[in-house]
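Protein chains in written order, with UniProt numbering: chain A, 1 to 325; chain B, 1 to 290. Glycine included, C-beta positions come from ideal geometry on N, C-alpha and C. This report concerns only the one structure given below.
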Amino acid sequence: MQQSMKPSEKLEQVEIKVKVRRFNQERGQYWQEYKLVVDRFTQMTEVLRRIKSEQDPTLAYRASCHMAVCGSCAMKLNNEPRLACKTLALDLVRKYNTNEIVVEPMDFFKVEKDLIVDMEDFYSRMYKVKPRLYPAKEVVENKAEQRLTPEDQKELWKFAQCIWCGLCVSSCPAVRIDKEFLGPAAHAKGYRFLADPRDTLYEERLKVLIDSSWRCTYCYQCFNVCPRDVEPVTTIKKTRAHTKFLKQKSEVAETGEKHVKAIFESIRNTGKLEEAKVYLTTYGLVTSIRDMLYTMRNGKTQLALIKEKKVNEIGQIQKLMGEKE
Amino acid sequence: MKVAYYPGCATHGLSKDVDVATKKVAEVLGLELVEVEDWNCCGGGFLDEYDEKAHVSLNLRNLSKVEKMGLSKMATPCSVCLQSHRLAVNNYKENTELKKEVDSRLKSASIEYKGTVDAEHIVWVLVRDVGVEKIKSHVTRPLSQLKVATYYGCQMLRPEKIMGFESPYNTHSLEDLVSSTGATPVRFPMATACCGFPLMGSNPKGGLKLAYNVLNSAKSMGADIMIHPCSLCHLQLDVTQYKVMDEFKTNWTMPTMYVTQLLAIAFGISPKELGLSKIAMKALEQRGIT
């Protein structure tokens, strides 16, 4: 039943200033401002639609589903990478305590026009991980059936929710400095199939994913900006746990695996992270001595020699790490 | 005011100077930091990929000790230790299967975690519980000659819904603390970008590139020094300055120090007593701070 509002429940109307970072080939980059009145139901996609239809038909942006499913309206709003459809204008006004909302295209990708970016780089990363299920031949030929257990589905569900919006890649620092890193979205998609028991490409997927997984810097940008709570960084952590199943590893993967193993051993034996020992185990004597010289140069040598006492109740630590008595 | 104190391994190791400054600042402010007895490593953001159950269990062991101490919060100066504990608590509460297995491990080690304590950053305690006005009242050496870049890094801020103190896109805590010392806070583009430390265990070249980007960004905004809130950022941004210079063939440094080191200097404690790095000490000396 449709509910009508009482006269006393009049909607709060607020005038906002929308400052858009615009770009086109002819003019280059420039800023343009618009004013309009919004209420508590006004999504940022509606703000843009009204600007385009009522004030300026030249403004270019993408928006399709208006319900956080298609991912096409990804952009930066007051510097936050967000879906415009999932953002209410008044929420931004309240959060930032200003009536001015700054709208910009996503970072990292090449801008085509105004708020529209070229997603080619994003798609090419996604296609590298073969983003679909490759079932067994018998299943394809309809000679067998392979069901997903509720437990397996539970593991995969969250990571299958990616809508390819590109926000995580646009805000990832590792993709900017390292061409070998596939980026958070591709890792989420890759792990979603790596861990799917119905898929037949396990070895091939490992080869694509492992080296890249050790190039993530765990900054949690992707976790923070994802509008679907996919947690790409969690899939990267889970993928790294598969490194031991890959026979031939790249230097980055081998070093990373050695490093994490050394951390685990240090905690198991002492309950603490013995920095010097972990460094030595990971990088060997030569690199460790070279780096020690850098530490000396900045006057910090005495700190490198500190030896922290181990945990008294070390048996308790080992039990927590899964060791039986 | 009494707060449980979790230094973390780096703060008791290569970043020991962070520990020294934090304790001195707390003493001046009358904030009683009681170190968690027989604490263990939090796993530094890596243990969870190796063994998620071990990661959660070890972090809950520390928090259970704080519950036994009768205190309600555990403050840490390390953003990675902070995030490690907060993620552990979040995963324990959200994931019922994981909780079951962690409970079994806790039981086998005779540990009980009631869920009344979570980790907090020392910066949050200083800004919210001690208060900027009180900090200001203890400043004996106003640092009006210093322009200080405020670097937040990653794990004190993200994931926002689990960290919760301030928005990564609308930060204020470090600026509040810098202003309280009389210095001028300098915002810079890479203030919440990654310093690259977590990459140093697998892809050190990439890690150093991220460190260079942060230092260069603060430098380009004309800051005299940069402060940060993390014992591991300290290793990356303070200790390895010369390594960054060699790798990127630069002739400049961007002096860096932990946030409580700046407060301690404003409280009249000498840079030497704080054990600052040579680069930071030289930068302060040039501005008359010895």
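- Taking C-beta atoms as the reference points, P142/B and A266/B count as a pair closer than 8 Å.
- V123/B and M156/B do touch by the CB rule: their CB atoms are close to 7 Å apart, below 8 Å.
- Contact between C194/B and C219/A holds: their C-beta atoms lie close to 4 Å from each other, under 8 Å.
- Using a Cβ-Cβ cut-off of 8 Å, Y169/B is close to N78, N79, E80 of chain A, given in chain order.
- Scanning chain B for C-beta atoms nearer than 7 Å to the C-beta of W214/A yields S202, N203, reported in chain order.
- Close partners of V239/B in chain A (Cβ separation under 8 Å): Y294, T295, N298, K300.
- Between G43/B and L58/B, the C-beta gap is smaller than 8 Å, which places the two residues in contact.
- Not a single CB atom of chain A sits nearer than 8 Å to the CB of G164/B.
- Residue ranges of uninterrupted beta strand (DSSP E) with 3 or more members, entirely inside the stretch 23-72 of chain A and ordered along the chain, are 28-38.
- Put simply, of I267/A, L305/A, M321/A, N312/A the residue whose alpha carbon is nearest the alpha carbon of K16/B is L305/A.
- With its beta carbon less than 8 Å from one in chain B, P173/A belongs to the interface.
- The three-state secondary structure of T184/B, taken from DSSP, is strand.
- Proximity of P159/B to chain A, defined by a Cβ-Cβ separation below 8 Å, is satisfied.
- With fewer than 16 other CB atoms across the displayed protein chains lying within 10 angstroms of its CB, W252/B is exposed.
- Look at Q316/A: its C-beta is under 8 Å from a C-beta on chain B.
- Proximity of L206/A to chain B, defined by a Cβ-Cβ separation below 8 Å, is not satisfied.
- In summary, Y127/A is exposed, with fewer than 16 beta-carbon neighbours lying within 10 Å of its beta-carbon over all protein chains present.
- In this model, C162/A and T58/A are separated by some 31 Å (Cα to Cα).
- In terms of CA proximity to S144/B, S179/B leads the group S179/B, R158/B, A4/B.
- Around F122/A, no beta-carbon contact reaches into chain B at under 7 Å, the shortest distance being about 20 Å.
- Chain-order list of chain A residues neighbouring K278/B: R297, N298, G299, by C-beta distance under 8 Å.
- In this structure, the alpha-carbon of P77/B lies about 20 Å from that of K136/B.
- For R105/B, the secondary structure class from DSSP, reduced to helix, strand or coil, is helix.
- Where E275/A is concerned, the enclosing alpha helix (DSSP H) starts and stops at 275-297.
- Residue environment for E141/A: exposed (fewer than 16 other C-beta atoms within 10 angstroms of its C-beta).
- For T240/B, there is no enclosing beta strand (DSSP E), as DSSP marks it with neither H nor E.
- Any Cβ of chain B closer than 8 Å to the Cβ of A195/A would place that residue at the interface, and such an atom is absent.
- Contact annotation: V36/B and K65/B have beta-carbon atoms nearer than 8 Å.
- Sequence-distant Cβ neighbours of H55/B in its own chain, meaning closer than 7 Å and more than five residues away, are G43, L47, D48, A88.
- For the stretch 16-49 of chain B, residues whose beta-carbon sits nearer than 8 Å to a beta-carbon of chain A comprise K16, D17, D38, W39, N40, C41, G43, G44, G45, F46, L47, D48, E49.
- The Cβ atoms of H85/B and A109/B lie no closer than 8 Å to each other.
- DSSP lists Q43/A as the beta-bridge partner residues of L88/A.
- The Cβ-Cβ distance between K147/B and D38/B does not fall below 8 Å.
- With respect to the C-alpha of F197/B, the residue from V3/B, A10/B, A4/B having the closest C-alpha is A10/B.
- Under the 8 Å criterion on CB atoms, L303/A is classed as interfacial with respect to chain B.
- At least 8 Å separates the beta-carbon of S167/B from that of V117/B.
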